[in-house]
Each structure stands twice: as structure tokens, then as C-alpha cells.
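Visitor:
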Amino acid sequence: MSMTPARDPFDEVLDQSSPRTTPLTPDVMVELKRLGAITGAAAGARPRRWARPAVAALVAALVFGGVATAAAATGMWTLPWAQSDSIASFSYTLPSGIECEQRIGGVSGTVPAAIEATEDFYRDTDLAALLTDDAIQATIERRRGGESVHVNPDGSRVPGGFGTEYYSADQEYMTAVWDIVVTAMDADLARRGMTGVDNELTLQSEPNCPGVVG
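Here the sequence shown is numbered in UniProt numbering, starting from 1 and rising by one per residue.
This is the structure:
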């Protein structure tokens, strides 16, 4: 993802180091879908390779933090599809030594061919092979070169991320992992000629990291 004056909404979400205490309630899910719709509308206003599924990034961030102490620590899954109907899963180890399993599913959109292409990518791709140490470190370094913000409870924004009091090595690592996975999907859809065909295309991802502190 290149750095441009108009930041990719995917980057905007991933860069936010907000307090990881938000429960994944129905109200939160409604807000996620609203933000996804706003992102899709904004994406159509300027040339883009493809409208990244912003909802996916938001869900991943919230599940990693908000329900970490309740769900992740007990090994339970909070999204219905994650329990028995995921289309892909992969594992990785956080800097703290905690093992994570991340599942992907809940693909939706308005163009069946785009939905099918997305699901096919995740079913057919060896995601673990993408997540080499070099790839993850390079992604972390690239992301550190961009803007990172922390969102306070009152909505105000201050510098966040690496080098600040809000920095979390585990969250940074997980964010880099998800960045790599979604970027690979982006490239695959482009190869299939699916660029820009469905600005409502979304997917969800739920990481489960027993023992992580939210």
C-alpha cells in the first residue's frame, strides 16, 4: 500500500492504537457496517486498485482487544461463522510468545463473482507461507513510517503506535500479519480482473490469542 495524501481507510483503521477495551456487541457490529459503507462510498470518489474491506480490519482489531480477556483467554470464538464455518485459518506467534489462531469468513457483497473470488483465494492460498519473518518485519517497518494515532475515549486523537505510551508490540505484529494477508488478496483479485467491481465487498476475521491482555 503506497502512502498517498488521501490515506487508505484500511491503513487508517489499522494505524489506530485505541484502548483495546471495546466489546464486540451488536451495536458495535452495526457501527462497523456503517463505517464500511462510508468507506465504500469514499473509495468510489477517487481512483483505486480495489475497495479494501474495511469492516474486516475493524473486526479483527476489536476482537483482538475488546474481548481478549474474556474470549481469547478461554479459547472461545465470538463470531458465529468462526465457530464452525470459517473459509480459512492460520496461526502465528506474537512477540510476547502467545500463540494465535486467526480465522476468516463472513464474506459479503453485491457481486457474486467477487464474493466467490474472495472465498476462493482464502480457501486455495497457503496463508502461512506468506507470513515469513522477513515479510512481517518489512511490513512492520513500512507501517512505522506512516502516521499512527491513538483515539481517546472522548474521540480526540493523539500520536500513537511505536515510540509512544500506547504502543503494543503484539498488536503491531498482528496488524502486520493482517496487512500481508489482505494485500495478497488484493493482488489476487486484481489478477482475476476483479478490481473495483464490488465496493460493498467485506469480510471478517477473528484472531484468538489465549492469554493475551486486552
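The C-beta atom is built at its ideal place from N, Cα and C for all residues, glycine as well.
(1) Is DSSP giving Val111 helix, strand or coil here?
(2) DSSP beta-bridge partners for Asn208?
(3) Tell me which same chain residues have a C-beta within less than 6 Å of the C-beta of Ala169, skipping the five on either side of it?
(4) When burial is assigned at 16 or more other CB atoms within 10 Å of the CB, is Val158 buried or exposed?
(5) Could you check what DSSP says for Ala45 in three-state terms: helix, strand or coil?
(6) Whose C-beta lies closer than 6 Å to the C-beta of Ile136 among residues of the same chain, with five residues either side of it excluded?
(7) Which first and last residues belong to the alpha helix (DSSP H) in which Val197 is found?
(8) Please go through the same chain and pick out, in chain order, the residues whose beta-carbon is closer than 7 Å to the beta-carbon of Ala117, but skip the five residues on each side of it.
(9) Residues bridged to Val158 by DSSP?
(10) Which value, in whole angstroms, describes the spacing of the CA atoms of Lys33 and Gln204?
(11) What are the partner residues of residue 215, as DSSP defines its beta bridges?
(12) Give the straight-line distance between the Cα atoms of Ser156 and His150, rounded to the nearest whole angstrom.
(13) Would you kindly report the start and end of the unbroken alpha helix (DSSP H) that includes Thr132?
(14) Work out the CA separation of Thr78 and Phe64 for me, nearest whole Å.
(15) Is Ile98 closer than 8 Å to Gly211 when the C-beta atoms are compared?
(16) What are the partner residues of Tyr92, as DSSP defines its beta bridges?
(17) Short of 7 Å in beta carbon distance, which residues of its chain neighbour Asp198, apart from the five on each side in sequence? Order them along the chain.
Guide: Judging by the given coordinates:
(1) For the purposes of this step, residue 111 is taken as residue 111 along the sequence shown, with counting starting at 1. Note: Val111 maps to coil in three-state DSSP.
(2) Numbered from 1 along the sequence shown, position 208 holds the residue referred to as residue 208. According to DSSP, which records beta bridges pairwise, Asn208 is partnered with Glu101.
(3) In the sequence shown, counting from the first residue as 1, residue 169 sits at position 169. Contacts found: Pro95.
(4) Translated into the one-based positions of the sequence shown, residue 158 becomes position 158. By the neighbour-count rule (16 or more Cβ atoms within 10 Å), Val158 is not buried but exposed.
(5) For this step, residue 45 is matched to residue 45 along the sequence shown. Only weak support exists for where Ala45 lies, its pLDDT of 39 falling under 50; the coordinates are left without a value.
(6) Working through the sequence shown from its first residue, we reach residue 136 at position 136. Closer than 6 Å at Cβ, skipping near neighbours: Ala176.
(7) For the purposes of this step, residue 197 is identified with residue 197 of the sequence shown, where counting begins at 1. Here Val197 belongs to no alpha helix (DSSP H), and DSSP marks it neither H nor E.
(8) Reading the sequence shown from its first residue, position 117 is the one you call residue 117. Within the same chain, Ala117 has close Cβ partners Leu189, Arg192 and Met194.
(9) In the sequence shown, counting from the first residue as 1, residue 158 sits at position 158. DSSP output for Val158 lists His150 as bridge partner(s).
(10) Position 33 of the sequence shown, counted from the first residue, corresponds to residue 33. Position 204 of the sequence shown, counted from the first residue, corresponds to residue 204. Only weak support is given to the placement of Lys33: the predicted model assigns it a pLDDT of 43, under 50, and the value that follows is read from those uncertain coordinates. Going by the C-alpha atoms only, they are around 11 Å apart.
(11) The requested residue 215 is not part of the displayed model; the chain covers only 1 to 214.
(12) Residue 156 sits at position 156 when you count from the first residue of the sequence shown. Residue 150 sits at position 150 when you count from the first residue of the sequence shown. Looking at the two C-alpha atoms, the distance is approximately 8 Å.
(13) In the sequence shown, residue 132 corresponds to position 132, counting from 1. Thr132 -> no alpha helix (DSSP H), and no H or E assigned at all.
(14) The residue you call residue 64 lines up with position 64 of the sequence shown. The residue you call residue 78 lines up with position 78 of the sequence shown. Residue placement at Phe64 cannot be trusted, given a pLDDT of 45 that sits under 50; the coordinates are not used to answer.
(15) Counted from its first residue, the sequence shown places residue 211 at position 211. Counted from its first residue, the sequence shown places residue 98 at position 98. The answer is yes: Cβ separation under 8 Å.
(16) Translated into the one-based positions of the sequence shown, residue 92 becomes position 92. Its beta-bridge partners are Cys100.
(17) Here residue 198 is taken as the residue at index 198 of the sequence shown, counted from 1. Counting only Cβ-Cβ distances below 7 Å, and skipping sequence neighbours, we find Gly109, Thr110, Val111 and Ala114.
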